[in-house]
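Throughout the sequence shown, residue numbering follows full-length UniProt numbering, covering 1 to 407 in sequence. A short worksheet on the structure shown next.
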Amino acid sequence: MSHNILITGGSGYLGGSLLARWNEAKLPAYNKLFALVRTPKQAEAVKQYGAEPLAFNAFDEAEVRTAVIDNNITVVYHLIAPRSHESQSYFIKAMAEVKKQTGRDVYFLHTTGAKIFSSHAGAPTDKPLLDNDPKLYEIQKAQQAPLQPMQEAVDTNNFVIDEAEKYGVRSYVFAPCIVYGEGEGFSNRISIQTVAIVRAAEAVKRMYRVDTGRPTWPVCHVRDNTNMYLELMRKILAGENPSYGQNGYYLAASGSVAWDDLYAAMGAALAKRDVVADSAITTANEQDLEAMAKGLGCPAGLVPLMMGGTCTFTADRGSKELGWKPLYKPEHILEYADAEVDFILRNKNWQIGLLALTTYPAPTLHTFTPQLAWYFQAEAGAPPPSPPPPRGLSLGKRDSETTALVA
Numbered sequence: 001m002s003h004n005i006l007i008t009g010g011s012g013y014l015g016g017s018l019l020a021r022w023n024e025a026k027l028p029a030y031n032k033l034f035a036l037v038r039t040p041k042q043a044e045a046v047k048q049y050g051a052e053p054l055a056f057n058a059f060d061e062a063e064v065r066t067a068v069i070d071n072n073i074t075v076v077y078h079l080i081a082p083r084s085h086e087s088q089s090y091f092i093k094a095m096a097e098v099k100k101q102t103g104r105d106v107y108f109l110h111t112t113g114a115k116i117f118s119s120h121a122g123a124p125t126d127k128p129l130l131d132n133d134p135k136l137y138e139i140q141k142a143q144q145a146p147l148q149p150m151q152e153a154v155d156t157n158n159f160v161i162d163e164a165e166k167y168g169v170r171s172y173v174f175a176p177c178i179v180y181g182e183g184e185g186f187s188n189r190i191s192i193q194t195v196a197i198v199r200a201a202e203a204v205k206r207m208y209r210v211d212t213g214r215p216t217w218p219v220c221h222v223r224d225n226t227n228m229y230l231e232l233m234r235k236i237l238a239g240e241n242p243s244y245g246q247n248g249y250y251l252a253a254s255g256s257v258a259w260d261d262l263y264a265a266m267g268a269a270l271a272k273r274d275v276v277a278d279s280a281i282t283t284a285n286e287q288d289l290e291a292m293a294k295g296l297g298c299p300a301g302l303v304p305l306m307m308g309g310t311c312t313f314t315a316d317r318g319s320k321e322l323g324w325k326p327l328y329k330p331e332h333i334l335e336y337a338d339a340e341v342d343f344i345l346r347n348k349n350w351q352i353g354l355l356a357l358t359t360y361p362a363p364t365l366h367t368f369t370p371q372l373a374w375y376f377q378a379e380a381g382a383p384p385p386s387p388p389p390p391r392g393l394s395l396g397k398r399d400s401e402t403t404a405l406v407a
């Protein structure tokens with residue numbers, strides 16, 4: 001029996017780009033490609049890629065079980081809810097039943113984010129942290145994040161690996177980083193990370209750094225991120241058994257850049273359009289963070305989480321095991337900054353709706369969890385019921401789904 005594959009999050013930035021490139025990838029033979037949808041419009045859209053739409057609630061165990069078992073789904077791309085492990089648990093258990101009934105190996109690809117391997121999540125940052133480090137699972141197990149939602153995302157990575165091993169499912173933890181470039185899907189075509197930089201600068205008419213020193217972060221063009229998703233699938237379909245479980249971490253990154261360099265490139269593009277006063281970069285103080293937070297629609301304490309921090313997570317497994325080679329060098333994000341800024345500024349309505357999701361009515365970090373939990377789960381596909389609109393801001397348009405705040 002050939003594999004049946006399900007992609008969740010097909011209306012999102014990453015999932016939509018994956019669907020758009022699927023057919024030209026010329027993957028080894030499989031039986032059917034399914035895509036999780038929530039609306040008739042999405043159902044029609046995914047058909048253009050040769051995907052059969054499946055409408056069910058990814059956060060309802062009975063519905064997940066029925067969809068997976070009835071369609072003999074043996075491979076799942078899970079591109080939704082990187083913080084909560086609820087949906088992942090349902091899929092893993094259902095896939096274990098498919099394995100029991102068919103005798104086929106089953107594969108679960110969990111999409112997380114580089115932020116879960118950064119200073120924001122308690123990961124070591126004093127040296128490169130390779131995605132094929134044999135101790136990476138132990139490192140993740142020991143991480144203590146300063147914010148509860150980040151800790152929950154770390155715990156979800158660990159849960160997926162442990163739960164999949166328990167049920168005999170092969171798991172993969174796929175980590176996008178700062179992904180940039182115009183998406184190629186049918187709905188959301190923009191990345192949240194670069195939007196945050198633009199919106200913060202726009203709010204205060206200046207580009208501010210949020211860290212001291214020159215911290216760096218891994219970057220990846222959306223096309224290269226898509227290619228790694230596809231190369232991992234190629235190995236699975238070819239029966240080549242790519243590393244999984246405790247050795248199944250995959251970072252899609254061409255390299256790293258300093259935040260200061262990214263601020264400078266985007267600041268120059270904003271100054272050129274008279275969005276900021278000039279291209280100078282200044283270190284933000286508490287008052288500046290408060291003003292930036294208003295532009296981002298989040299508390300001041302979360303501004304560094306959205307557009308700063310240190311991440312030394314380094315891609316190595318993809319090139320060595322999958323033969324993945326990025327088309328774009330890391331410095332390309334700096335060269336592309338003008339086009340990225342232009343695209344962001346031309347899609348302001350979408351930005352407002354997106355960033356409003358991180359606005360909270362209460363003044364302390366301890367009370368952020370309900371709204372932030374929804375934000376982490378709202379990447380694509382079938383998120384939990386929408387929260388009440390944050391005070392003072394409209395949720396705006398939500399035709400496009402959000403990219404989770406973990407990359």
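Beta carbons: idealized from backbone N, C-alpha and C, even for Gly. Please read all numbers here as calculations on a predicted model, not as lab measurements.
- Considering only Ala145, Asp155, Ser11 and Gly15, the residue with the shortest C-alpha distance to Arg223 is Gly15.
- Tyr328 is not bridged by DSSP to any residue.
- CA-to-CA, the gap between Tyr49 and Asn23 works out to about 7 angstroms.
- In the DSSP assignment, Val75 forms a beta bridge with Ile5 and Tyr107.
- Around the C-beta of Pro149, 16 or more other C-beta atoms lie within 10 Å, and the residue is accordingly described as buried.
- For Pro40, the enclosing alpha helix (DSSP H) has its first and last residue at Pro40 to Lys47.
- If you check the CB distance, Leu6 and Ala67 come in under 9 angstroms.
- The three-state reading of DSSP puts Gly301 in helix, counting H, G and I together.
- For Gly245, the closest alpha carbon among the candidates Ile80, Arg209, Ala164 and Lys26 is that of Ala164.
- For the pair of segments examined, the segment 258-273 was found to touch the segment 336-348: the number of CB pairs separated by less than 8 angstroms reaches three.
- When the five nearest sequence neighbours on each side are left out, the beta carbons in the same chain lying within less than 6 angstroms of the beta carbon of Leu130 are those of Thr314 and Asp316, in order along the chain.
- Across the set Ala121, Thr310 and Ile190, the C-alpha of Thr310 shows the shortest separation from the C-alpha of Pro218.
- Here Lys32 is bridged, per DSSP, to Asn4.
- Annotated as distal: Ala337 and Val179, with beta-carbon spacing of 9 angstroms or more.
- Spatial neighbours of Leu289 in its own chain (CB-CB distance under 6 angstroms, excluding positions within 5 residues in sequence) are listed in chain order as Ala300 and Val303.
- Sequence-distant Cβ neighbours of Arg21 in its own chain, meaning closer than 8 angstroms and more than five residues away, are Glu184, Arg223, Thr226, Asn227 and Leu230.
- Straight across, the Cα-Cα distance linking Ala268 with Ser187 is about 29 angstroms.
- By the neighbour-count criterion, in which a residue is buried when 16 or more other Cβ atoms sit within 10 angstroms of its Cβ, Gly239 is exposed.
- By the criterion of a C-beta distance shorter than 8 angstroms, Asp60 is surrounded in its chain by Tyr90, once the five residues flanking it on both sides are discounted.
- Note on geometry: alpha-carbon atoms of Val160 and Ala123 lie some 18 angstroms from one another.
- Within the same chain, and ignoring the five residues on either side of Lys329 in sequence, the residues whose Cβ sits closer than 8 angstroms to its Cβ are Ser254 and Gly255.
- Exclusion of the five residues before and after Ala265 leaves Leu334 and Ala337 as the residues of its chain whose Cβ lies within less than 6 angstroms of its Cβ.
- With a cut-off of 8 angstroms on Cβ pairs, the segment 33-48 is not in contact with the segment 108-116, counting fewer than three such pairs.
- Separation of Gly181 and Val257 (C-alpha to C-alpha, rounded to the nearest whole angstrom) is 16 angstroms.
- Looking at Ala153, Val64 and Phe108, the one whose alpha-carbon comes closest to that of Ser243 is Phe108.
- If you draw a straight line from the Cα of Thr8 to the Cα of Ile69, it is about 16 angstroms long.
- Taking a C-beta distance under 9 angstroms as the contact criterion, Ala58 and Ser11 do not qualify as a contact pair.
- Membership of Pro149 in the alpha helix (DSSP H) is indicated by the continuous run Gln148 to Tyr167.
- When secondary structure is reduced to three states using DSSP, Phe313 falls in the strand class.
- With a threshold of 16 other beta carbon atoms within 10 Å, Thr312 meets it and is buried.
- Distance between Ala280 and Pro53, taken at the CA atoms: about 48 angstroms.
- DSSP places Arg170 inside the beta strand (DSSP E), whose first and last residues are Arg170 to Ala175.
- Positions of the alpha helix (DSSP H) runs, each at least 4 residues long and wholly inside the segment 255-301, are given as 259-272 and 286-296 in order along the chain.
- Leaving aside the five residues that flank Thr125 on each side, the residues in its chain whose CB is nearer than 6 angstroms to its CB run, in chain order, Ser119, Thr310 and Thr312.
- In this structure, the straight-line span from the alpha carbon of Thr212 to that of Glu286 is close to 14 angstroms.
- Between Cys220 and Cys177, the alpha-carbon positions lie close to 7 angstroms from each other.
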